[in-house]
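Written out below as structure tokens is the structure these notes cover.
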Amino acid sequence: MARPNLLLLLLPALLSAGSTGRPASSTNLGGIGGEKLTHLRFFFHDIVSGPQPTVVTVASGASTNTSATFFGLVSVFDDPLTVGPKPTSQLVGRAQGLYASAAQDSMGLLMVMNFVFVNGKYNGSTLTILGRNQIFTKLREMPILGGTKAFRFARGYVQARTHSFDLVTKNAVVEYNCYVLHIDE
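Numbered per mature numbering (1 follows the signal peptide of the UniProt record, and there is no 0), the sequence shown spans residues -21 to -1, 1 to 164.
Have a look at this one:
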């Protein structure tokens, strides 16, 4: 009589053991929906000088000022993102983050930033970018690591192309094209 009771006790454990070996990719996501590819294009205004800079240097190394690449320079930014290249164009969001001159042999920046959307369809959503930005290369790519709200489960890449750079003020306008895969809710 002890055997049927033991079998009844072990049956739930035996039945559940078979279901734990499935790979995560086979998990049913229910009503979340499929992935969607979204292309976004806007202009990043990096204002280093003037009465209202959007970039502030927060750290530098002992040899930063003598380095041809400003190696060790770290800046934080809160740059406007606009529909067009003019600063008076419609604001779509802000690029908030930091960049560090991380290369000794070229102008290579480590970029850590969030695109925070403040208008339109993606208001309140963000995209997170982390990567290397060789600022004197015509077309640069950096990965999109994630996002929030409309861009949950985001991944993809951004392409950056300098639209204009003022050698005197060091102010720059950079065109960004973002290619984002995300859940279509």
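No residue lacks a Cβ here, since even glycine has one placed at the ideal position from N, Cα and C.
No Cβ-Cβ contact shorter than 8 Å links A82 with F130.
In the DSSP assignment, Y78 falls within the unbroken beta strand (DSSP E) covering L70 to S80. For F115, the number of other beta carbons within 10 angstroms of its own is below 16, and it is reported as exposed. DSSP, read as helix, strand or coil, puts T116 in coil. For the pair D57 and G13, the Cα-to-Cα distance works out to about 33 Å. Excluding its 5 nearest sequence neighbours in each direction, M121 has C-beta neighbours in its own chain below 8 Å: M90, I108, L109, G110, R111, N112, Y136, V137 and A139, listed in chain order.
In the DSSP assignment, S46 falls outside any beta strand (DSSP E), carrying neither H nor E. Under the three-state reduction of DSSP output, K15 falls in the strand class. Of all alpha-carbon atoms in C157, S68, M86 and T43, the one lying nearest the alpha-carbon of N93 is that of C157.
Counting other Cβ atoms within 10 Å of its Cβ, L52 reaches 16 or more and is therefore classed as buried. Looking only at A151, F132 and V35, the smallest Cα-Cα distance to V159 is reached by F132. In the displayed model, G29 falls within coil according to three-state DSSP, outside both helix and strand.
Cβ contact annotation for K149 (same chain, cutoff 7 Å, sequence separation greater than five): V27 and S28, in chain order. Contact annotation: H161 and K15 have beta-carbon atoms nearer than 8 Å.
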